[in-house]
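Numbering (my numbering), first residue to last: 1158 to 1919.
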């Protein structure tokens, strides 16, 4: 664990005094506590009957009872009340069909519609729906509205930033010609920082970095655990090995130590599990011909499904959790100069990095704040939206939680360090706005908990936090919601539907909310925790630690629905007591379904092999050696196509029948010849299936020597353009998937085979 970052020790900088950090902690925490205390004092005074406060709320209640004309439903019949929804939906739907990919004009039109419907909805919510009849109802009503506004604020900033999206694909095409031709070939040092990752993961990363088509590069393995086996691995593969006597400042300290012992013009950095494609440096180095470019970031891709998709059995259907960030958020940040460095798969100019003092050591998110400091010095930090590398996604829901909690805490430390994007000198207003949106993102867990618990107030406190008739909901709420659903996936380039986005946000909502509060009160209370990689398991594992808050909410919501039903049966289905109950039932039912899905996600599927299988089709020849009479062997040859393949084996569909059957426990020695790369892999035939039209052979590879491993890894992970981008299901299909998963969970079906992710077949 690194020491507390109360003292800044970045190369070239004067140490930052602990008094400075204490002062920043004091004021940031003071503001937070002051806001909470002020709200609590007002509510307490209202409950106590303080005359001035009560009078203010009585006046506000009269406004709610007599809202402005533009916050009232006109005297229309039902079909006309649907007119705003139908008109806005058809316009938005028509734009998304006429322009399947968001373009400048279509994006502006859609954003204008969204903002107009949002203003209309908020006007109605603020002036017509608040229940201020008494302190209890009023407190819940105002709490709900404030949480809505907090969430909407981040969404509005996103919409404004989406007006300036940048795509650098054509620019990369032009600039790479100078690199390929040799006219621009700066020296590149490739850093692979590692802390306790298994050797088999590092092996594929080193080989992938060595396979990059760029002559003027040097590969450095930065081992922060000083392991003899890793040093031997570096020697075996022919890369340089660097270590240091301690682990001060974790990954940032490791990188800064390497900077002091290397001299390349550019530095490319890859996490220990990330493998670049051959053309990574071709596509990125050319940008540095502009002397103002300090850093080029590329997206993170993954060669295995994330635990949410895997535990639901939706590999290759649900896009990875980070996909929205790299498809939508980073391009819009690039348009305003607010790109986030994600800590891997980036290239940085050494001189710019040294001028700003190296990688930031004040925070757990050294990558994020390093990019901020580079931009504040007047440099360009840009984003190339091309999948030029792939890494290992968190393999368990616990590892996924560890990673997200670290990101949240590291980002929110911005309020307490010198490199605060909201206050640091050198950033423009629009850049600060982009970073504010990123900070607000982590606060979204708190409103989500309020939305999760608010329906319980209907049952247990008889509170109606929203006063709205069905006609008002049709006229004001439905247009806003319908347009949101229509364009949500279109704006984020089909990377996530609104429903599935809610599923992803709900899984870790309680630990993230706790992290937000802790980060604001004690920002440096936790040290750097590395995300575990190379994990395997032979059984289903339910994460009770993450599940217990959701279980409590699930039980309370179920009781709430049952009590509401019994209440209505006993008192009749009419009367004032039903006011607001319809919304409460719908809301509670939705929450119950979402929490149920979240609990299924917290049950990790077995992954006994711990390996990575890719859906890759290659023509192969399978040479099978069967025992003959005496000591002779019968050799037969079969042609086929790989269905999926890994570093440890392959599944092959054969083009001819007659594959020998295997008795239980029997294996045949085989050789798998991959013609495209002239690679012959010895192994064993461990399963054969002759029932289908095309027999299937399952081959397990023998341990391979280094050069054959290199060929296999380069074929599996390093082909340019191989990491396929697929679209997330739309809203209707997402609903079907949710119910399918809910009624056929993976632990009941017994299907534990982890399906390989799709890759390009080129």
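Here a beta-carbon is modelled for each residue, glycine too, at the ideal position from N, C-alpha and C.
Contact between residue 1718 and residue 1742 holds: their C-beta atoms lie close to 7 Å from each other, under 8 Å. Exposed is the label assigned to residue 1722, since fewer than 16 other Cβ atoms lie within 10 Å of its Cβ.
Around the beta carbon of residue 1406, 16 or more other beta carbons lie within 10 angstroms, which makes this residue buried.
Closest in alpha carbon position to residue 1446, among 1334, 1521, 1365 and 1462, is 1334. The closest CA to that of residue 1239, considering only 1217, 1638, 1358 and 1558, is found on 1638. Check the Cα spacing between residue 1310 and each of 1746, 1600, 1819 and 1862: the tightest is with 1600. Residue 1774 is classed as exposed because its beta carbon has fewer than 16 other beta carbons within 10 Å across all chains shown. Look at the region 1561 to 1625 and you find these whole runs of alpha helix (DSSP H), each 4 residues long or longer: 1586 to 1600 and 1602 to 1617. Non-local C-beta neighbours of residue 1806 in its own chain, meaning closer than 6 Å and more than five positions away in sequence, comprise 1856, 1857 and 1858, ordered along the chain. Each of 1456, 1683, 1401 and 1300 was checked against the Cα of residue 1350, and the nearest Cα belongs to 1401. With a contact defined as Cβ atoms closer than 8 Å, residue 1409 and residue 1517 qualify at about 6 Å.
Proximity of the region 1352 to 1359 to the region 1429 to 1446 meets the contact definition, three or more beta-carbon pairs being nearer than 8 Å. The beta carbon of residue 1466 is closer than 6 Å to those of 1472 and 1475 in its chain, skipping five residues each way along the sequence. In terms of Cβ geometry, residue 1368 and residue 1871 form a close pair [threshold 9 Å]. Put simply, the region 1589 to 1598 does not touch the region 1540 to 1549. Fewer than three CB pairs are less than 8 Å apart. Residue state for residue 1853 is assigned as strand, using DSSP reduced to three classes. Residue 1647 is classed as buried because its beta carbon has at least 16 other beta carbons within 10 Å across all chains shown. Residue range 1666 to 1678 is occupied by the alpha helix (DSSP H) that includes residue 1666.
Here the alpha carbons of residue 1697 and residue 1364 stand approximately 33 Å from one another. Note on geometry: alpha-carbon atoms of residue 1651 and residue 1250 lie some 14 Å from one another.
Contiguous alpha helix (DSSP H) elements confined to the region 1339 to 1404 occur at 1356 to 1367 and 1385 to 1394, taking only those with 4 or more residues. For residue 1897, the enclosing alpha helix (DSSP H) covers residues 1888 to 1900. When the beta-carbon positions are compared, residue 1608 and residue 1760 stay at least 9 Å from each other.
DSSP, read as helix, strand or coil, puts residue 1459 in strand.
Residue 1435 and residue 1498 have their C-alpha atoms spaced approximately 22 Å apart. Nearest neighbour of residue 1281 by Cα position, chosen from 1245, 1319 and 1231, turns out to be 1231.
Two segments are said to touch when three or more pairs of C-beta atoms, one from each, lie closer than 8 Å; by this definition the region 1516 to 1533 touches the region 1573 to 1587. Under the DSSP assignment, residue 1508 falls in the alpha helix (DSSP H) whose first and last residues are 1507 to 1512. With a 10 Å radius around the Cβ and a threshold of 16 neighbouring Cβ atoms, residue 1566 comes out buried. When the five nearest sequence neighbours on each side are left out, the beta carbons in the same chain lying within less than 8 Å of the beta carbon of residue 1863 are those of 1393 and 1394, in order along the chain. When C-alpha distances from residue 1482 are compared across 1649, 1470 and 1688, the shortest belongs to 1649. The Cβ-Cβ distance between residue 1842 and residue 1781 falls below 9 Å.
Closest option to residue 1710, judged by alpha-carbon separation, among 1689, 1682 and 1749: 1749. By the C-beta criterion, the region 1285 to 1305 is judged not to be in contact with the region 1414 to 1429, since fewer than 3 inter-stretch pairs fall below 8 Å.
Comparing alpha-carbon positions, the option among 1612, 1852 and 1557 lying closest to residue 1477 turns out to be 1557. Sorting 1236, 1218, 1573 and 1682 by C-alpha distance to the C-alpha of residue 1298 places 1218 at the top.
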